[in-house]
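Undergrad: Pasting a structure below so you can have a look.
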Amino acid sequence: MAERSFAKEVEKLRLGAGEEFAGEGILAITKALLQCGVGYVGGYQGAPISHLMDVLADAQDILGELGVHFEASASEATATAMLAASVHYPIRGAATFKSTVGTNVASDALANLASGGVTGGALIIVGEDYGEGSSIMQERSHAFAMKSQVWLLDPRPNLPSIVKAVEDGFELSEISNTPVMLQVRIRCCHVHGHFIAKDNKRPPMTVADALEAPRRDTGRIVLPPASFLHEKEKVQKRWPAAVDFITRNKINEFFGSDHGSVGIVMQGGMYNSVIRALQRLGLADTYGDTDVPLYVLNAVYPLIDGEFLSFCEGKQAVLVVEEGQPNYIEQAFAAMLHKAGRGTRLVGKEHLPMAGEYTGQVMLDGIGAFLRAEAPHLLPGEVRAPNKVGDGVDTADLINVVPGRPPGFCIGCPERPIFAATKLVEQELGKHHIASDIGCHLFSIMPPFELGATTMGYGLGPASASAFNSPDAKRRSISFVGDGGFWHNGLTSSIGNAVFNKNDGVIVIVDNFYSAATGGQDILSSRAGNKTKSTKHPITEAVKGMGVKWLRHVDRTYDVGKMQDTLREALTTEEKGPKVIVASSECMLNRQRREKPLVDKAIKGGERVIKPKFGVDEDICTGDHACMRLSGCPSLSVKSLDDPLRDDPVASIDQNCVGCGNCGEVADAAVLCPSFYRADVVHNPSRWDRFLEASRRATIGLLQRRRESRRLTFADA
Numbered sequence: 001m002a003e004r005s006f007a008k009e010v011e012k013l014r015l016g017a018g019e020e021f022a023g024e025g026i027l028a029i030t031k032a033l034l035q036c037g038v039g040y041v042g043g044y045q046g047a048p049i050s051h052l053m054d055v056l057a058d059a060q061d062i063l064g065e066l067g068v069h070f071e072a073s074a075s076e077a078t079a080t081a082m083l084a085a086s087v088h089y090p091i092r093g094a095a096t097f098k099s100t101v102g103t104n105v106a107s108d109a110l111a112n113l114a115s116g117g118v119t120g121g122a123l124i125i126v127g128e129d130y131g132e133g134s135s136i137m138q139e140r141s142h143a144f145a146m147k148s149q150v151w152l153l154d155p156r157p158n159l160p161s162i163v164k165a166v167e168d169g170f171e172l173s174e175i176s177n178t179p180v181m182l183q184v185r186i187r188c189c190h191v192h193g194h195f196i197a198k199d200n201k202r203p204p205m206t207v208a209d210a211l212e213a214p215r216r217d218t219g220r221i222v223l224p225p226a227s228f229l230h231e232k233e234k235v236q237k238r239w240p241a242a243v244d245f246i247t248r249n250k251i252n253e254f255f256g257s258d259h260g261s262v263g264i265v266m267q268g269g270m271y272n273s274v275i276r277a278l279q280r281l282g283l284a285d286t287y288g289d290t291d292v293p294l295y296v297l298n299a300v301y302p303l304i305d306g307e308f309l310s311f312c313e314g315k316q317a318v319l320v321v322e323e324g325q326p327n328y329i330e331q332a333f334a335a336m337l338h339k340a341g342r343g344t345r346l347v348g349k350e351h352l353p354m355a356g357e358y359t360g361q362v363m364l365d366g367i368g369a370f371l372r373a374e375a376p377h378l379l380p381g382e383v384r385a386p387n388k389v390g391d392g393v394d395t396a397d398l399i400n401v402v403p404g405r406p407p408g409f410c411i412g413c414p415e416r417p418i419f420a421a422t423k424l425v426e427q428e429l430g431k432h433h434i435a436s437d438i439g440c441h442l443f444s445i446m447p448p449f450e451l452g453a454t455t456m457g458y459g460l461g462p463a464s465a466s467a468f469n470s471p472d473a474k475r476r477s478i479s480f481v482g483d484g485g486f487w488h489n490g491l492t493s494s495i496g497n498a499v500f501n502k503n504d505g506v507i508v509i510v511d512n513f514y515s516a517a518t519g520g521q522d523i524l525s526s527r528a529g530n531k532t533k534s535t536k537h538p539i540t541e542a543v544k545g546m547g548v549k550w551l552r553h554v555d556r557t558y559d560v561g562k563m564q565d566t567l568r569e570a571l572t573t574e575e576k577g578p579k580v581i582v583a584s585s586e587c588m589l590n591r592q593r594r595e596k597p598l599v600d601k602a603i604k605g606g607e608r609v610i611k612p613k614f615g616v617d618e619d620i621c622t623g624d625h626a627c628m629r630l631s632g633c634p635s636l637s638v639k640s641l642d643d644p645l646r647d648d649p650v651a652s653i654d655q656n657c658v659g660c661g662n663c664g665e666v667a668d669a670a671v672l673c674p675s676f677y678r679a680d681v682v683h684n685p686s687r688w689d690r691f692l693e694a695s696r697r698a699t700i701g702l703l704q705r706r707r708e709s710r711r712l713t714f715a716d717a
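The C-terminal residue of the sequence shown carries number 717 in UniProt numbering, and the numbering is unbroken.
Below, the structure written as structure tokens:
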């Protein structure tokens, strides 16, 4: 069950020539693929490109009508390897995944694909996740493009440009026999707009057709001596073909005046932010018209010497707007100017940050500083002084004013009790080295749990603990891996490696039934039926198949006591070899997405429905808040009482509670206090329910009156 359904939106993919298509960037990319006659698509989910996979999954009926094959790939490497179908056959194929983590995983397949080259167009759509809001290490796809000589497109963030980039990407790939990367940032993925559609095309050759007429060309197989010839072909044929196509088809764009003493060169994805900065500086109008010459690189690799040198003609200074570090584009342009003996001054990181996302304010400050230094006459008088630009709140001031918001688990998350149990076990047995992994469970490194020392990659949590497999060790390591990471890379790289090397550590596989961190997509072990995928393959069976002997399955992680006992057993058993615990409970977000509509429908239909809620008895709670330190649930907070004799705030559960029971389980397992209670809220109660409620109220009222009477009697005495 994906994060959201695109079932309604995908109907727009049927629009024909001349009709107006309106929607967001993700949907426009999908429509462009169909208009280009793509034959097959594969990919792996991950922000900011996850929804592209969800759109493709919801559009499978339309894809089937056109003869387009779609796969939700096991990993980014699998998706890239799929493009091998375009090596010998004139079939257009596309792969999509989050970059740069996905590009790291796909690097081997990408290098081989780029070496042998392609016959059909091969397009790799990467969601560039760079900046302070990113969830990954800060790297750029640009390095991979240069390393493997894969052309890299970076379109302006508007729908017509995005659609054109998909079309250009396929043509460029076919003309130069080279795979092409299409880089789309989060603003590009989710920008809304419209464009005039074209008819969808059935691929001239489908993958089914290719199977009927197999082809092979040893010259395209990466094996000596062909692999040595590939390098020569890249330089002598593919590169010139790419440069010619980019130049002839005017992939890169020029805006603004043909003359000027300064100019700005930018990645295509930076265009909107540059124009907005110029508007705020009074140098561009609402339509993007500006007197400052602009050179927009919709193709950032390869760069075109002639275009850039021509742009620099008559300019004393040019600013390069290149988000991220290293500054590959700036370095390349500097080399061009040096070799050509030009006197144009090239600047970039002098005025813009070396690293970090180029936000609107950053762009305003940087471009303003450049123009004040190189062309102050262009600026209106009121913005020539530095203090008139970027006068917003300083970051340091924000840190002092705005409270930090560290990432954490969702309300009712079934992974929280796993780490509560881990903390309780560590109270008994002492601290352990804990290796984390990519996924929701990585939030365990944050308060209140503060567990985990490293994270080395998706599915590599147990592998990253393998160095601690010492025969002299008196304490075992603990490592975590999610079900998504397990199927992505962990089965062989972590579990298989641990079995083969007789690792004695404890491995916890967090099974929440989905690839939850990427949006709730189904995986092999998902327990729901999927009409187009094979699910319900237990992780326990796969682990046994790898040779694990010590295996425990906790099928309800909310049972903190059982989790605690299982972890203690794994850490203290005399049995050697890897100890694997599969901790299973459904992702609460997906469970709520699945159950809430059904419950709401039942309530509206007059059916009797019971919804559990948890609370804290204010009279019993002592206010020590240990429950929060071992739970961390966002719905569990503090509440101040009106009682003047009680200064400490007590625990309180708000209306967001989903009734998972974890807080009470933790309180019980930690022997904290009996203040937690469960209340069943009955919707559309029956006559029996009403009778029981009336009886309970009457009995409770009687007891309360009797207690009050006794209190008054003792007071009088």
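Beta carbons: idealized from backbone N, C-alpha and C, even for Gly.
Out of 179, 537, 694, 172, point me to the one whose CA is closest to residue 147's CA.
TA: Here residue 147 is taken as the residue at index 147 of the sequence shown, counted from 1. For the residues 179, 537, 694, 172, the minimum Cα distance to residue 147 belongs to 179.
Undergrad: In whole angstroms, give me the CA-to-CA distance for residue 412 and residue 689.
TA: Within the sequence shown, residue 412 is the residue found at index 412, counting from 1. Within the sequence shown, residue 689 is the residue found at index 689, counting from 1. About 28 Å.
Undergrad: Quick one: what does DSSP say residue 367 is sitting in, helix, strand or coil?
TA: Here residue 367 refers to the residue found at position 367 of the sequence shown. Correct three-state label for residue 367: helix.
Undergrad: Output the boundary residues of the alpha helix (DSSP H) element that contains residue 35.
TA: Indexing the sequence shown from 1 puts residue 35 at position 35. From DSSP, the alpha helix (DSSP H) with residue 35 extends over 25-35.
Undergrad: How about residue 172 and residue 122: are their beta carbons less than 7 Å apart?
TA: Looking up residue 172 in the sequence shown gives position 172. Looking up residue 122 in the sequence shown gives position 122. No. Outside cutoff.
Undergrad: Given residue 651, which residues of its chain have a CB within under 6 Å of its CB, disregarding the five upstream and five downstream residues?
TA: If you number the sequence shown from 1, residue 651 lands on position 651. Same-chain partners within the cutoff: 616, 621, 627.
Undergrad: Take every Cβ of the stretch 598-607, pair it with every Cβ of the stretch 563-576, and state whether three or more of those distances are shorter than 8 Å.
TA: The stretch 598-607 vs the stretch 563-576: no contact.
Undergrad: Tell me which same chain residues have a C-beta within less than 8 Å of the C-beta of residue 610, skipping the five on either side of it?
TA: Within the sequence shown, residue 610 is the residue found at index 610, counting from 1. Cβ neighbours of residue 610 beyond the five flanking positions: 680, 681, 682, 683.
Undergrad: Beta-carbon separation of residue 692 and residue 410 under 7 Å?
TA: Numbered from its first residue, the sequence shown carries residue 692 at position 692. Numbered from its first residue, the sequence shown carries residue 410 at position 410. Result no, Cβ atoms of residue 692 and residue 410 do not sit closer than 7 Å.
Undergrad: From which residue to which residue does the alpha helix (DSSP H) around residue 563 run?
TA: The count along the sequence shown starts at 1 and reaches residue 563 at position 563. Run containing residue 563: 560-572, per the alpha helix (DSSP H) assignment.
Undergrad: On the criterion of 16 or more Cβ atoms from any shown chain inside 10 Å, does residue 704 qualify as buried, or is it exposed?
TA: Against the sequence shown, residue 704 aligns to sequence position 704. By the neighbour-count rule (16 or more Cβ atoms within 10 Å), residue 704 is not buried but exposed.
Undergrad: Near residue 736, which residues of its chain fall below 6 Å by C-beta distance, leaving aside the five closest residues on each side in sequence?
TA: The chain is shown from 1 up to 717; residue 736 falls before or after that span and cannot be answered.
Undergrad: How would you write the range of the beta strand (DSSP E) that residue 612 sits in, first residue to last?
TA: By one-based count along the sequence shown, residue 612 stands at place 612. From DSSP, the beta strand (DSSP E) with residue 612 extends over 609-616.
Undergrad: In angstroms with no decimal places, state the Cα-to-Cα distance between residue 224 and residue 127.
TA: Counting from one through the sequence shown, the residue named residue 224 turns up at place 224. Counting from one through the sequence shown, the residue named residue 127 turns up at place 127. Going by the C-alpha atoms only, they are around 34 Å apart.
Undergrad: Taking the runs of the beta strand (DSSP E) that are 3 residues or longer, which of them lie wholly in the stretch 492-572?
TA: Here the runs fully enclosed are 506-511, 550-554.
Undergrad: Which stretch, first to last residue, makes up the beta strand (DSSP E) that contains residue 591?
TA: Stepping through the sequence shown from its first residue, residue 591 is reached at position 591. That residue, residue 591, is in no beta strand (DSSP E); its alpha helix (DSSP H) goes 588-604.
Undergrad: Less than 8 Å between C-beta atoms, sequence neighbours within five positions excluded: which residues of the same chain meet that for residue 713?
TA: Along the sequence shown, read from residue 1 onward, the residue named residue 713 stands at position 713. No residues qualify anywhere along the chain.
Undergrad: Could you check where the alpha helix (DSSP H) with residue 379 kicks off and where it finishes?
TA: The residue given as residue 379 occupies position 379 in the sequence shown. From DSSP, residue 379 is part of no alpha helix (DSSP H); its letter is neither H nor E.
Undergrad: Expressed to the nearest angstrom, what Euclidean distance is found between the alpha-carbon atoms of residue 480 and residue 452?
TA: Within the sequence shown, residue 480 is the residue found at index 480, counting from 1. Within the sequence shown, residue 452 is the residue found at index 452, counting from 1. Near 9 Å, if we compare the C-alpha coordinates of residue 452 and residue 480.
Undergrad: State the DSSP-derived secondary structure class of residue 712, mapped to helix, strand or coil.
TA: Indexing the sequence shown from 1 puts residue 712 at position 712. In the structure shown, residue 712 sits in a helix (DSSP, three-state: H, G or I).
Undergrad: Using the Cβ count rule (16 or more neighbours within 10 Å means buried), how would you classify residue 215?
TA: Counting from one through the sequence shown, the residue named residue 215 turns up at place 215. Residue 215 should be labelled exposed.
Undergrad: At the level of alpha carbons, what is the spacing between residue 561 and residue 429?
TA: Position 561 of the sequence shown, counted from the start, is the residue given in the question as residue 561. Position 429 of the sequence shown, counted from the start, is the residue given in the question as residue 429. Going from the Cα of residue 561 to the Cα of residue 429 covers about 16 Å.
Undergrad: Under 7 Å Cβ to Cβ from residue 44, same chain only, skipping five residues before and after it: list those, please.
TA: By one-based count along the sequence shown, residue 44 stands at place 44. So the list reads 73, 75, 76, 79, 97, 102, once near-sequence residues are dropped.
Undergrad: Looking only at its own chain, which residues have a Cβ that is under 8 Å from the Cβ of residue 549, when we skip the five neighbours before and after it?
TA: What you label residue 549 is simply residue 549 of the sequence shown in a count that begins at 1. Once the five neighbours on either side are set aside, the close Cβ partners of residue 549 are 575, 577.
Undergrad: For residue 294 versus residue 370, is the C-beta spacing smaller than 7 Å?
TA: On the sequence shown, residue 294 is found 294 positions in, with the first residue counted as 1. On the sequence shown, residue 370 is found 370 positions in, with the first residue counted as 1. Cβ atoms of residue 294 and residue 370: not closer than 7 Å.
Undergrad: Going along the chain, which residues of its own chain have a beta-carbon closer than 6 Å to the beta-carbon of residue 271, five neighbours each way excluded?
TA: As a first step, residue 271 must be located in the sequence shown, where it is residue number 271. Excluding sequence neighbours, residue 271 sits near 156, 296.
Undergrad: Which term fits residue 235, buried or exposed, when burial requires 16 or more other beta carbons within 10 angstroms of its beta carbon?
TA: The sequence position of residue 235 within the sequence shown is 235, counting from 1. Residue 235 comes out exposed.
Undergrad: Grab me the residues of residue 145's own chain with a C-beta within less than 6 Å of its C-beta, minus the 5 sequence neighbours each way, in chain order.
TA: Against the sequence shown, residue 145 aligns to sequence position 145. Answer for residue 145: 152, 181, 301, listed in chain order.
Undergrad: Could you give the first and the last residue of the continuous beta strand (DSSP E) run that contains residue 310?
TA: Numbered from 1 along the sequence shown, position 310 holds the residue referred to as residue 310. Counting along the chain, residue 310 falls outside any beta strand (DSSP E), though it belongs to the alpha helix (DSSP H) covering 305-312.
Undergrad: Just confirm the distance between the C-beta atoms of residue 129 and residue 269, as a whole number of angstroms; I'd bet it's less than 8 Å.
TA: Here residue 129 corresponds to residue number 129 of the sequence shown, with the count starting at 1. Here residue 269 corresponds to residue number 269 of the sequence shown, with the count starting at 1. Between residue 269 and residue 129 the Cβ distance is about 13 Å, and since that is not below 8 Å, they are no contact.
Undergrad: For residue 118, does the count of other Cβ atoms within 10 angstroms reach 16, so buried, or fall short, so exposed?
TA: Here residue 118 corresponds to residue number 118 of the sequence shown, with the count starting at 1. It counts as buried.
Undergrad: Need the endpoints of the alpha helix (DSSP H) that residue 620 sits in, please.
TA: Residue 620 sits at position 620 when you count from the first residue of the sequence shown. Where residue 620 is concerned, there is no enclosing alpha helix (DSSP H), given that its DSSP letter is neither H nor E.
Undergrad: Judging by CA-CA distance, which residue of 274, 313, 341 is the nearest neighbour of residue 363?
TA: On the sequence shown, residue 363 is found 363 positions in, with the first residue counted as 1. The residue with the shortest Cα to Cα distance from residue 363 is 274.
Undergrad: Given residue 389, which residues of its chain have a CB within under 7 Å of its CB, disregarding the five upstream and five downstream residues?
TA: Here residue 389 refers to the residue found at position 389 when the sequence shown is read from its first residue. Low confidence applies to residue 389: its pLDDT is 42, below 50, so where it sits in the model is not reliable enough to give any reading.
Undergrad: Using only alpha-carbon positions, find the residue among 262, 21, 253, 315 that is nearest to residue 307.
TA: One-based indexing of the sequence shown puts residue 307 at position 307. For residue 307, the nearest C-alpha among the options comes from 253.
Undergrad: Between which two residues does the alpha helix (DSSP H) containing residue 175 stretch?
TA: As a working mapping, residue 175 is identified with position 175 in the sequence shown. Element bounds for residue 175: 159-176.
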